[in-house]
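Below is one structure, written out as C-alpha cells; the observations come after it.
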Amino acid sequence: PRAAAFEQRLAAVVADPGVMQVWQSWANNMPPGAIEEFFTATGAEQEQIGKELDDGLAEYAAHDPVLAFMVAFRTYPYGTTSLSNALLQAEAMDLTGVAKDIVMPILICDPEGELFWPGESQQLYDAVSSTNKVLAKFTAAEGADLHCEPKAMGLRNQVVFDWLDDTLGR
C-alpha cells in the first residue's frame with residue numbers, strides 16, 4: 017500500500033492484512049511512551065534514546081531466547097540487528113498521511129483475531145480514496161482467522177484471485 021500511494025501506474029493492490037503503522041505492533045510491547053519519546057526526539061537525543069532501547073533490549077534478550085529470536089526475526093527484514101534502526105525504518109512506512117493517495121483498486125484482508133495490527137485493516141480501508149475498495153473479512157468460523165489467514169490459505173487465495181480476476185478483467 018505504501019508504494020501505491022506514490023505509484024499511480026499499479027493496476028491493483030492487495031494488502032494482507034491492512035496496516036497503517038507498521039511500528040505500532042512493536043510499541044504495544046514496550047513501556048508506555050517509549051516509542052513516542054524516541055520518535056519525537058531528534059539528533060543526538062534520539063540516538064541516545066535509541067542506544068538505551070537497544071542496550072536494554074539486549075540485556076533482556078541475553079536471558080530470554082524467545083525474545084532474542086523475536087528481535088532477530090523482526091529486525092532482519094530491515095537489514096539490521098538494531099531495534100531502534102528498524103523502528104525508524106518502520107516509522108518511515110507509516111501510511112497515516114498518504115493512504116488517501118491510494119486511488120487504484122485495493123483489496124484489504126481483515127482476519128478475525130489479527131495479532132499484530134488489530135483494527136488497522138479497517139483504518140486503511142477508511143483512509144484510502146479508491147472508489148474500488150474491498151474489505152475482505154476472514155473469520156474463525158471459516159478457519160481463516162489470525163495474521164495472514166495461516167489455517168485457510170486456500171480460502172484466502174480464492175478470495176484474492178477471484179478479486180484480481182474481477183478487477184483486472186481476466
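Offset between the sequence shown (1-based) and this note's numbering: plus 16.
From the three backbone atoms N, C-alpha and C, an ideal C-beta is built for every residue, glycine too.
Excluding the 5 residues preceding and the 5 following residue i in the sequence, name in chain order all residues of the same chain whose CB lies nearer than 8 Å to its CB.
i, result
"GLY159", "LYS167, ALA168, LEU171"
"MET36", "ASP110, LEU111, THR112, ALA115, TRP133, GLU136, GLN139, LEU140, ALA143"
"SER98", "GLY66, ASP70, THR91"
Near residue i, which residues of its chain fall below 6 Å by C-beta distance, leaving aside the five closest residues on each side in sequence?
i, result
"ALA21", "VAL114, ASP117, ILE118"
"VAL38", "ALA106, MET109"
"ALA77", "LEU83, ALA84, VAL87"
"ILE124", "ALA31, GLY34, SER137, LEU140, TYR141, LEU151"
Just reading off the beta strand (DSSP E) that residue i is part of, what are its end residues?
i, result
"LYS192", "Examination of residue 192 is not possible in this model, given that the chain is present from 17 through 186 alone."
"ALA152", "149-154"
"ILE124", "122-127"
"ALA157", "From DSSP, ALA157 is part of no beta strand (DSSP E); its letter is neither H nor E."
Among residues of its own chain, excluding the 5 on either side of residue i, which ones have a beta-carbon nearer than 7 Å to its beta-carbon?
i, result
"THR58", "none"
"GLN147", "Looking at the sequence shown, residue 147 is not Gln but Thr. Answer for THR147: no residue qualifies."
"ALA65", "Here residue 65 turns out to be Ile, not Ala, going by the sequence shown. The residues are GLU53, PHE54, ALA57."
"LEU131", "LEU162, HIS163"
For the alpha helix (DSSP H) containing residue i, name the first residue and the last one.
i, result
"VAL175", "169-184"
"ALA143", "136-143"
"MET86", "81-91"
Starting from residue i, follow its DSSP beta bridges and name the residues at the other end.
i, result
"ALA31", "ILE124"
Measuring only between beta-carbons, confirm whether residue i sits less than 8 Å from chain B.
i, result
"LYS116", "In summary, chain B is missing from the structure at hand, where a single protein chain is found."
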